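The letter at position 190 of the sequence shown is residue 190 when you use full-length UniProt numbering, and the numbering goes up by one with no holes. Cβ atoms here follow ideal geometry from the backbone N, Cα and C, with glycine treated the same way. These numbers were taken from a predicted model, which means no experiment stands behind them. Structure first, commentary second.
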Amino acid sequence: MSRMFRTVLIANRGEIALRVIRTCRRLGIRTVAVHSDADAGAAHVNLADTAVRLGPAAAAESYLSIERVIAAARATGAEAIHPGYGFLSENAEFAAACEAAGIVFLGPGADAIRTMGDKITAKQAVSARGVPLVPGTTDAAMTNDDLIAAADGIGFPVLIKPSAGGGGKGMHAVHDPAALPAALEAARREAAGSFGDDTLFLERLVATPRHIEVQIVADSHGNVIHLGERECSLQRRHQKVIEEAPSALLDEATRARIGEAACETARSVGYRGAGTVEFIVGAEHPDEFFFMEMNTRLQVEHPVTEEVTGIDLVELQLRIGAGEELPLTQDDITLTGHAIEARIYAEDPSRGFLPTGGRALDVVFPDGEGIRLDAGLAPGQTIASDYDPMIAKLIVRADDRATAIARLDAALAASAVPGIVTNIDFLRTLLSLDAVVAGALDTSLIDAMDADLLAHAPTEIDRQFAAASVIATGGRAGTEITGPVRTTDLAPTASAWTRANTWRTSRPDFRPLVALAAGTESADVEVRADDVRVDETGRWHLSVDGIRHTARVFSDAGARSIWICGERGIHVFTRPIADTALHPGESGSQVLAPMPGAVVRVLAAPGAHVEQGDPLLIVEAMKMEHVLTAPASGTVGLAVTEGAQVAVDEVLATVVDDTGEQPAATETETTMEARA
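Rendered as structure tokens:
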């Protein structure tokens, strides 16, 4: 009889590390977390039984270092390593290194990873088992001329795909035969630059494609079963955004056929573990499906399968790794209800989905019937640009698809991560589209959304909340709203307007104006609220024209950025530098990072006098250099040094009036200097 592991190391971070730890803890297994310097205080490090530092923030020197991960496992007595997803999860050399070290890799053998990691060899393997393929080429040695000659037999339009890699890099859709030569040249350059391998192949481009994947599990005793399919067609640039199970497209007969094809795919490489087989299905012909690729590790979207089957996939991985036989047969698998997962990213959809970052002032997610949260973010934690921008997954389950969509929308409406710009409101917009509600999905739906749908302009009520928060804190930039403001933070009574140093709207001759900016637009907002109250839970209640509105209000240190999280969505307002600067000696004009990046050069010495407009620092972000200049004349105070990684809107420097006293270094400044 096989013996379950005593200690398992999780070679990953964030929500997937927490997810694995939870199952291990339920099974009585000791867990080991690994971390980079950037994650020293992360939630997965704190939850595990023990933790090992791997190295600096750079993934190549920490999470991607095979030698350091193996050394951590040996030092802590780990008998098995769970790779999660990403990082080393589909690295054949890592799987082989685990085997050589006598440590169980909770996934397939190195040969299976190598075969399925190359799209051409994968297609050759599954074709021999009768798995249907999209018409295309399978010879890795084909030149551009060979591919051009083969294209006519495949039929246009065609899709150029690199054999190595993923994420949509190097992929080109070609509708006109005359455009194929140039597209092949570009694809080879991109593939070589991204993956170090310029091998290409062609496939027929499937019209109105839908991305359907099947969850399979296989043990080392020859047993293979599938756990149904997931619909993953809502993608942006080939990256999934929303996934659901089961698919609204397939009937029972097609579900059985595609499931068996997935099992044959696993058998073709002697697969062991919990993996996913991905298929492309044309919406016009939902009974036809074609193999795309196999992911040999656990998928980000595995929770929706768990929700409709009631099966813990991580537990199955552990039992399979320990040598046990599958405790289930295909007849035991039933799909009940409908589950949908939304990936929450630190990115700004209104700015081309640029990654954001910053410090989470709070982390607000709902709980309740049919709601599951997989997240690795805690209040106060900083999100930088070192790793993938996904910060949470919100999963809901209901009896049917329509109810699941409504439940997910309501759950997203109750979610917020103030301090970090996320895609939460974009996800709500996506769920409201007629095509999504009707289940008429395809992989190009998100990329076809126009700028108006992606724009996220605040309403007048949002502006009123932001302006009111400035008045309620006395209009002073040194006042920090630490989390939701509570009544005791404002005044002895329940009304913010009863403070002696504020104002009342009953005075018609006094309508305060508050300078605020949202995105690229700025304006003086006239405060029109009749009453503002903060209840015992920290929620703000504001009345305008006799109608009461509710929101959660947050502000960062210095009260420069104000976050309004309400029924209209999540909006961030910025107080202009001139508005937030205090009297000399109290604070200084702040210089903020325009987006996540690195300080590549410091141009002004600490304590030096500068004039307004003088260059202070150069920040490299998104492969571009940004010269940041002094917003006023005065004495420079630096919060970072060259080489520091910074988050969006992080304070990099201050310029203090020469006639005032230099303020003492704050805890934030000291921490930043140590980190840099």
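Beta strand (DSSP E) segment containing residue i, residue limits
i	result
residue 601	597–602
residue 119	Looking at the DSSP string, residue 119 is not in any beta strand (DSSP E); the run it does join, the alpha helix (DSSP H), is 119–127.
residue 550	547–555
residue 574	569–574
residue 590	589–592
residue 31	30–36
Environment of residue i [buried if 16+ CB atoms lie within 10 Å]
i	result
residue 155	exposed
residue 605	exposed
residue 276	buried
residue 16	buried
residue 2	exposed
residue 567	exposed
residue 336	exposed
residue 437	exposed
residue 500	Model confidence at residue 500 stands at a pLDDT of 31, short of 50, so the residue's coordinates are unreliable; what they give is reported in the following sentence. With fewer than 16 Cβ atoms within 10 Å of its Cβ, residue 500 is classed as exposed.
residue 521	exposed
residue 639	buried
residue 175	exposed
residue 650	buried
Enclosing alpha helix (DSSP H) for residue i [first to last residue]
i	result
residue 234	No alpha helix (DSSP H) contains residue 234, which is instead part of the beta strand (DSSP E) from 224–236.
residue 464	460–472
residue 93	92–100
residue 391	Unbroken run through residue 391 is the beta strand (DSSP E), 390–398; no alpha helix (DSSP H).
residue 181	180–195
residue 154	144–154
residue 275	Element bounds for residue 275: not the alpha helix (DSSP H) but the beta strand (DSSP E), 273–282.
residue 643	Per DSSP, residue 643 belongs to no alpha helix (DSSP H) and is neither H nor E.
Rounded Cβ spacing between residue i and residue j (contact assumed at less than 8 Å)
i	j	result
residue 446	residue 234	6 Å
residue 225	residue 326	7 Å
residue 212	residue 242	With 8 Å as the limit, residue 212 and residue 242 do not qualify as a contact, their Cβ atoms being about 14 Å apart.
residue 548	residue 470	20 Å between Cβ atoms; not a contact.
residue 6	residue 21	Residue 6 to residue 21, Cβ: 15 Å. No contact.
residue 87	residue 54	Not quite, the Cβ-Cβ distance comes to about 11 Å (not below 8 Å), so this is no contact.
Pick from the options that is closest to residue i, judged by C-alpha positions
i	options	result
residue 70	57, 114, 40, 12	12
residue 36	652, 72, 631, 27	72
residue 545	527, 553, 551	527
residue 148	202, 111, 141	202
residue 60	387, 530, 22	387
residue 413	81, 316, 342, 313	342
residue 430	421, 409, 417	409
residue 657	177, 631, 451	631
residue 9	33, 368, 524, 389	33
residue 364	419, 339, 333, 462	419
residue 645	97, 357, 96	357
residue 460	453, 468, 454	468
residue 610	629, 598, 229	629
residue 50	66, 31, 122	31
residue 131	64, 279, 95	279
residue 532	406, 594, 464, 555	464
residue 427	377, 378, 346	346
residue 117	318, 303, 271	271
residue 607	184, 601, 654, 600	654
Backbone secondary structure at residue i - three-state DSSP
i	result
residue 46	helix
residue 353	coil
residue 381	coil
residue 308	helix
residue 436	helix
residue 17	helix
residue 359	strand
residue 478	For residue 478, the predicted structure reports a pLDDT of 32, less than 50, and the residue's modelled location is therefore unreliable. A value from the coordinates is still provided. It is coil, neither helix nor strand.
residue 343	strand
residue 253	helix
residue 264	helix
residue 582	Residue placement at residue 582 cannot be trusted, given a pLDDT of 29 that sits under 50; what the coordinates show is reported in the next sentence. In this structure, residue 582 counts as coil in the three-state DSSP scheme.
residue 4	coil
residue 498	Confidence at residue 498 is low in this model, with a pLDDT of 38, below 50, so the placement of that residue should be treated as unreliable; the coordinate-derived value is given next. Residue state, collapsed to three classes: helix.
residue 612	coil
residue 508	Low confidence applies to residue 508: its pLDDT is 48, below 50, so where it sits in the model is not reliable enough to give any reading.
residue 651	strand
residue 215	strand
residue 372	strand
residue 535	coil
residue 10	strand
residue 427	helix
residue 333	coil
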